[in-house]
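Here the protein sequences come in this chain order: A and B. Straight run, no breaks: the first sequence in this note's numbering ends on number 309. Straight run, no breaks: the second sequence in this note's numbering ends on number 305. Ideal placement from N, C-alpha and C gives every residue a C-beta, glycine not left out.
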Amino acid sequence: MTTQDPVIVIDNFHKSYGKIQAVKGISMRVERGEIFGFLGPNGAGKTTTIRCMLDVIRPTSGTLRVLGLDAQRDKMELHRRIGYLPGDVRLPGQMTGKQIINYFSRLQGLKPVLLNDLLARFDVEIKRPLKGYSKGMRQKIGIVLAFMCDPEILILDEPTSGLDPLLQRTFNEFLLQEQQRGKTIFMSSHIMSDVEKVCQRVAVIRQGEIVTIEEVEKLRQKAGQRVVVEFGDSVSIDELSHMPGVSNVTSHNHAYHFNVGGSMDALIKALSRHEVLRLQAEEAPLEEVFLQFYEIPQAETSTPGTR
Amino acid sequence: MATISVSQSIAAPKKRARGLIITRVSFFNAKTLLAAGAFYILLIALVVGLLFPTLSSVNLGAYLTSNAVAGLVGAKLKDVSSFSALLALELYSSFYALIWGGIIAYMAGASLPATIENGTIDLALSRPISRTRYFLELWFSAVLGAIFLSLTTALSVWISALFVQNANIDWGWLAIAELIELALMFLASGIGMLFGSFLNASRAAGGAAFGIIGLAYLMNTLGTLSDKLTWMLKIEPLYYTQGIQALAEHSITNWYPAVLVVAGLICGIAGLVIFNRRDLPTT
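Here it is as structure tokens:
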């Protein structure tokens, strides 16, 4: 495997549980050194895909290769180089944080070189038995377990789940630092603001199918601008809806709210025919784009892509 | 909250010996169950030792050699007047095989599903640990539990014998009786691992494995009581567990322990095959 080759290659991956098709032939590539977001609503197939990458469950058909190694056949070699954070971090209550760290470090067969940094950064308590830990504290232990042996690639399932906003920010900063150190990070999430802050590309999965794979920057461009206009004269919603690039028009407190895709120039020229008392434009939240992928039937979305 | 920058030049992590860490943690998790078993072994041995002088002055021979008692203990002894015979009845009969074997069956049955319940199995199998090693280490922890109970029994017999004048225990035959009981507990561990390989709830798997030992005891009792039901004896494991005969009468059928070991291996290997093939649940 060369440094140019994708780190994760998933080809035509299917997973069925009896008659239920959890994942329906997805394909994607994750490049070396990128933070890749894997988005989708609950039950879309994110965790199923991740657990197949780790050989905890087996694909019905298709191939999953990580670091050039087959996820099933070469799992021992592969698992030496992977850090994994499960979606729901549950730990044995009778053990202390220190014991669980020792346990998984031994299973990894490596000393936890990043342990002290991680404990300090995330303010992790490891002396008490784990049964008294809150969801957030367990999540912090999960993060420590995933990163402590300094793996080449991180597979993180809902990594910021249960973390408070301050820790979410710390975690996002940490991810970006790890990326600078050359790590490849594959993370599933449905917290879109997190994905927006750290990921270079995202794949959106819905009902077991990839809806789109796109660079976050391009999605941001697609989201366009969120515009608020207040007029001095009478303007109908219908007229506004027909202006260039305008969509999702609503009115609230004498002001009109709408999205604008593409250039603002044509819109401003169209608006100039009226008396404009107030005009406000800001980047539309990326969340709206993601929600479109979640909600619109696949036949009506943009062409599903793979890279 | 402290913010610490991760150094850009972090040394590659050094290798670390794994040891039998899965075995160790699983054994530690079963400490309450094993401690309870050890406590009752010691208690029973001490009671027999302390009460033997009184018991030996009472003529219990007719009762202890009756068909009813033979059904309960899984063997019809000719003479129960000696200390060895009384100890054999109390610690090496099929009734006690039911309890100690049941403890090991439960321990083995619960060990694998417990790691599904406490969420560590996904994390463990995402490490460079094969499913085979994971399964075998858990199985080994149950076998260690069996060895622990077996050594506790031998030690308890020795302590008990200190209270009895002229105990006349044949330590060679005691060791044979222990090995026979150990063979039964090995089978119990195999049965437990088999149930644990496909059931996701620790109590269900442990309970089901214990239930098999309980069923074997029932078959053993019925088979001993009635000549028409002797066929039952041949298909249940307690018939092949002759610890009581070894200690009380110094006689066994040589190949019977092998039946227990082979059956245990078959159950355990079947469990290993199932565990290697299955998808693991998320809960």
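- Item | CB of Asn89 of chain B within 9 Å of CB of Thr246 of chain B, strictly | yes
- Presumed contact (8 Å Cβ cut-off) between Thr162 of chain A and Phe173 of chain A, rounded CB distance: 6 Å
- Message: Output needed for Gly167 of chain B: all residues of its chain with C-beta closer than 7 Å, excluding positions within five of it in sequence on either side, in chain order.
- Response: Phe49, Ala52, Leu56, Ile126 and Met129
- Query: Between Pro114 of chain A and Cys151 of chain A, which are expected to be in contact by the criterion C-beta below 8 Å, what is the C-beta distance as a whole number of angstroms?
  - Reply: 6 Å
- Task: Provide the residue span of the alpha helix (DSSP H) that contains Ile138 of chain B, from first to last.
- Result: Ser116 to Glu139
- Query: Can you tell me whether DSSP reads Gly64 of chain A as helix, strand or coil?
  - Reply: strand
- Select from A:His276, A:Asn104 and A:Tyr135 the residue whose C-alpha is nearest the C-alpha of Gly234 of chain A. A:His276
- Message: Is there a Cβ of chain A sitting closer than 9 Å to that of Ile26 of chain B, yes or no?
- Response: The predicted model places Ile26 of chain B with a pLDDT of 44, which falls under 50 and marks its position as unreliable; any figure quoted below should be read in that light. So yes, Ile26 of chain B belongs to the interface.
- Query: Alpha carbon to alpha carbon, what distance is there between Leu196 of chain B and Leu269 of chain B?
  - Reply: 6 Å
- Item | Members of the segment 139 to 163 of chain B that neighbour chain A once the beta carbon cut-off is set at 7 Å | Answer set for the segment 139 to 163 of chain B: Asn140, Gly141, Thr142, Asp144, Leu145, Ala146, Leu147, Ser148, Arg149, Pro150, Ile151 and Ser152.
- Message: Just to confirm, is the Cβ distance from Leu221 of chain A to Met245 of chain A under 9 Å?
- Response: no
- Name, going along the chain, the residues of the segment 98 to 128 of chain A whose beta-carbon falls closer than 9 Å to a beta-carbon of chain B. Gln101, Ile102, Asn104, Tyr105, Phe106, Ser107, Arg108, Leu109, Gln110, Gly111, Leu112, Lys113, Pro114, Val115, Leu116, Asn118, Asp119, Leu120, Ala122, Arg123, Phe124 and Asp125
- Query: CB-CB under 8 Å to Arg83 of chain A, same chain, minus the five flanking residues each way: which ones, in chain order?
  - Reply: Leu69, Pro153, Glu154 and Ile155
- Message: Which residue wins for smallest C-alpha separation from Leu177 of chain B, given the options B:Pro75, B:Phe61, B:Thr142 and B:Phe297?
- Response: The shortest C-alpha separation from Leu177 of chain B is found at B:Phe61.
- Message: Please state the DSSP three-state secondary structure of Asp13 of chain A.
- Response: Three-state result, Asp13 of chain A: strand.
- Are the beta-carbon atoms belonging to Ile235 of chain B and Ala119 of chain B less than 9 Å from one another? yes
- Query: Tell me the DSSP bridge mates of Tyr2 of chain A?
  - Reply: Not covered by the structure: residue 2 of chain A. The range shown for chain A is 3 to 309.
- Item | Cross-chain neighbours of Pro88 of chain A in chain B, by beta carbon under 9 Å | Gly141, Asp144, Leu145, Ser148 and Thr304
- Task: Per DSSP, which residues does Val213 of chain A bridge with? Please list them.
- Result: Per DSSP, none; premise fails for Val213 of chain A.
- Message: DSSP has Arg203 of chain A in a bridge; who is on the other side?
- Response: The partner list for Arg203 of chain A (beta bridge, DSSP) reads A:Phe38 and A:Glu217.
- Among A:Val248, A:Phe15, A:Asp240 and A:Leu165, the one whose alpha carbon lies nearest that of Ser63 of chain A: A:Phe15
- Measure the C-alpha to C-alpha separation of Leu112 of chain A and Lys36 of chain B and round it to an integer number of angstroms. 6 Å
- Under the DSSP definition of a beta bridge, which residues are partnered with Phe188 of chain A? A:Phe38 and A:Ile157
- Quick one: residues in its chain with C-beta nearer than 8 Å to the C-beta of Thr98 of chain A, no 5 flanking neighbours on either side, listed in chain order? Ile128, Lys129, Arg130, Pro131 and Leu132
- Proximal residues, the segment 146 to 160 of chain A versus chain B, C-beta separation under 7 Å: Those residues of the segment 146 to 160 of chain A that come within reach of chain B (Cβ to Cβ, closer than 7 Å) are Leu147, Cys151 and Asp152.
- Can you name the residues that DSSP bridges to Val262 of chain A? A:Gln227 and A:Val248
- Item | Segment contact flag, the segment 43 to 59 of chain A with the segment 77 to 91 of chain A, C-beta cutoff 8 Å, min 3 pairs | Yes: the two stretches touch, three or more of their Cβ pairs being nearer than 8 Å.
- Query: Using a Cβ cut-off of 8 Å, which residues of the segment 42 to 64 of chain A contact any Cβ in chain B, in chain order?
  - Reply: For the segment 42 to 64 of chain A, which is checked against every Cβ of chain B, the residues closer than 8 Å are Thr49, Arg53, Leu56, Asp57, Val58, Ile59 and Arg60.
- Quick one: grab the DSSP three-state call for Ser27 of chain B. The predicted model places Ser27 of chain B with a pLDDT of 49, which falls under 50 and marks its position as unreliable; any figure quoted below should be read in that light. Note: Ser27 of chain B maps to coil in three-state DSSP.
- Query: So Leu260 of chain B packs on Asn242 of chain B, CB below 8 Å; how close in whole Å?
  - Reply: 4 Å
- Item | CB contact below 9 Å: Ile296 of chain B versus chain A | no
- Item | Segment limits, alpha helix (DSSP H) that includes Leu109 of chain B | Counting along the chain, the alpha helix (DSSP H) containing Leu109 of chain B begins and ends at Phe105 to Leu113.
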